[in-house]
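Engineer: First, the structure itself, so that you have it in front of you.
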Amino acid sequence: MIFGTSAARWPLALLKLNGVHPPSRSLQTCAILSKSQSGRHSPSIKHNKPLTYEQAQKPNEIAMRKSWNSMNTSALDFDPLGKFRLGARFGLRTSQTVNEDIFIRRFLVGTWHNLFLSEVLIKRQANMIRIAGIVLRAIPPRKMYFLIATLKNCSATAPVPCQARTTDCGGAEGCCVQVYLVVFCKN
Numbered sequence: 099m100i101f102g103t104s105a106a107r108w109p110l111a112l113l114k115l116n117g118v119h120p121p122s123r124s125l126q127t128c129a130i131l132s133k134s135q136s137g138r139h140s141p142s143i144k145h146n147k148p149l150t151y152e153q154a155q156k157p158n159e160i161a162m163r164k165s166w167n168s169m170n171t172s173a174l175d176f177d178p179l180g181k182f183r184l185g186a187r188f189g190l191r192t193s194q195t196v197n198e199d200i201f202i203r204r205f206l207v208g209t210w211h212n213l214f215l216s217e218v219l220i221k222r223q224a225n226m227i228r229i230a231g232i233v234l235r236a237i238p239p240r241k242m243y244f245l246i247a248t249l250k251n252c253s254a255t256a257p258v259p260c261q262a263r264t265t266d267c268g269g270a271e272g273c274c275v276q277v278y279l280v281v282f283c284k285n
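The sequence shown begins at 99 in the numbering used here and counts up one residue at a time.
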């Protein structure tokens, strides 16, 4: 071992020749980075690319101003008094639901490569999964329907009805389509 008690016996010039510097007792400091912020997005330098609605929200205001990207109601029971409460079976299916949501997001990013302009929104109600997002109209409608059919076939083993709703943008170039998919699954 070069450092420690044996380092005091080595001559300083010999240590520096070998590229080894003996340990020193000094305190290293760096500049204060008080302007660093995490989770906050800033617009482009020329202000030609605006922030999306989701990026414009501060991290501590996401739950108050906008809803989450995944809605899971599988752990709620309906009370006879008309209120929702956490059921006695809370926690039985939540991990499976989260894994399914992650699979749906990754599958959509992989099959609809560079087509989703917004976040993929997944909302669950009973046996229905609603998938929504804004998609760039860069492919012909025939390919878009093929991608929807691929999603339909890979999402469940039972026959799954899907529907897509689009918005008309007047034929402008670089137009966006809002895709709204409804998937019914057997539990």
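Cβ atoms here follow ideal geometry from the backbone N, Cα and C, with glycine treated the same way.
By a C-beta neighbour count over all protein chains shown, 10 Å radius and 16 as the cutoff for buried, is Gly231 buried or exposed?
Structural biologist: To locate residue 231, count along the sequence shown from 1; it is residue 133. Under this definition Gly231 is a buried residue.
Engineer: Just confirm the distance between the C-beta atoms of Pro141 and Pro148, as a whole number of angstroms; I'd bet it's less than 8 Å.
Structural biologist: Locating residue 141 in the sequence shown gives position 43, counting from the first residue. Locating residue 148 in the sequence shown gives position 50, counting from the first residue. Going by Cβ atoms, the distance from Pro141 to Pro148 rounds to 6 Å, so yes, they are a contact pair.
Engineer: Tell me whether the beta-carbon of Val233 lies closer than 7 Å to the beta-carbon of Leu213.
Structural biologist: In the sequence shown, the residue the question calls residue 233 occupies position 135. In the sequence shown, the residue the question calls residue 213 occupies position 115. Contact flag set, yes.
Engineer: Could you give the residue range of the alpha helix (DSSP H) that holds Ala236?
Structural biologist: As a first step, residue 236 is located in the sequence shown; it is residue number 138 there, counting from the start. Taken as a continuous stretch (DSSP letters only), Ala236 belongs to no alpha helix (DSSP H), as it is neither H nor E.
Engineer: For Phe201, count neighbouring C-beta atoms within 10 Å of its own C-beta (all shown protein chains included) and say buried if the count is 16 or more, exposed if not.
Structural biologist: Sequence index remark: in the sequence shown, residue 201 carries index 103 (1-based). Phe201 should be labelled exposed.
Engineer: Between the C-alpha atoms of Arg138 and Glu159, what's the straight-line distance to the nearest angstrom?
Structural biologist: As a first step, residue 138 must be located in the sequence shown, where it is residue number 40. As a first step, residue 159 must be located in the sequence shown, where it is residue number 61. Roughly 11 Å between the two C-alpha positions.
Engineer: Under the assumption that Thr248 contacts Thr209 (Cβ atoms under 8 Å), give the Cβ distance between them as a whole number of angstroms.
Structural biologist: For this step, residue 248 is matched to residue 150 along the sequence shown. For this step, residue 209 is matched to residue 111 along the sequence shown. About 6 Å; that satisfies the 8 Å criterion.
Engineer: Of the choices Asp199, His145, Pro238, Thr127, whose alpha-carbon is the least far from that of Val218?
Structural biologist: As a first step, residue 218 is located in the sequence shown; it is residue number 120 there, counting from the start. Out of Asp199, His145, Pro238, Thr127, Asp199 has the C-alpha closest to the C-alpha of Val218.
Engineer: If you draw a straight line from the alpha carbon of Ile220 to that of Leu245, how long is it in whole angstroms?
Structural biologist: Translated into the one-based positions of the sequence shown, residue 220 becomes position 122. Translated into the one-based positions of the sequence shown, residue 245 becomes position 147. Cα-Cα distance, rounded: 17 Å.
Engineer: Are the Cβ atoms of Arg163 and Gln155 separated by less than 7 Å?
Structural biologist: As a first step, residue 163 is located in the sequence shown; it is residue number 65 there, counting from the start. As a first step, residue 155 is located in the sequence shown; it is residue number 57 there, counting from the start. For Arg163 and Gln155, yes; Cβs fall inside 7 Å.
Engineer: Which value, in whole angstroms, describes the spacing of the CA atoms of Arg240 and Ile229?
Structural biologist: Mapped onto the sequence shown, residue 240 falls at position 142. Mapped onto the sequence shown, residue 229 falls at position 131. Answer to the nearest angstrom: the Cα atoms are 20 Å apart.
Engineer: Which same chain residues end up closer than 7 Å to Thr150 when comparing Cβ atoms and leaving out the 5 residues on each side of it in sequence?
Structural biologist: Here the question's residue 150 lines up with position 52 in the sequence shown. Correct list, in chain order: Ser216.
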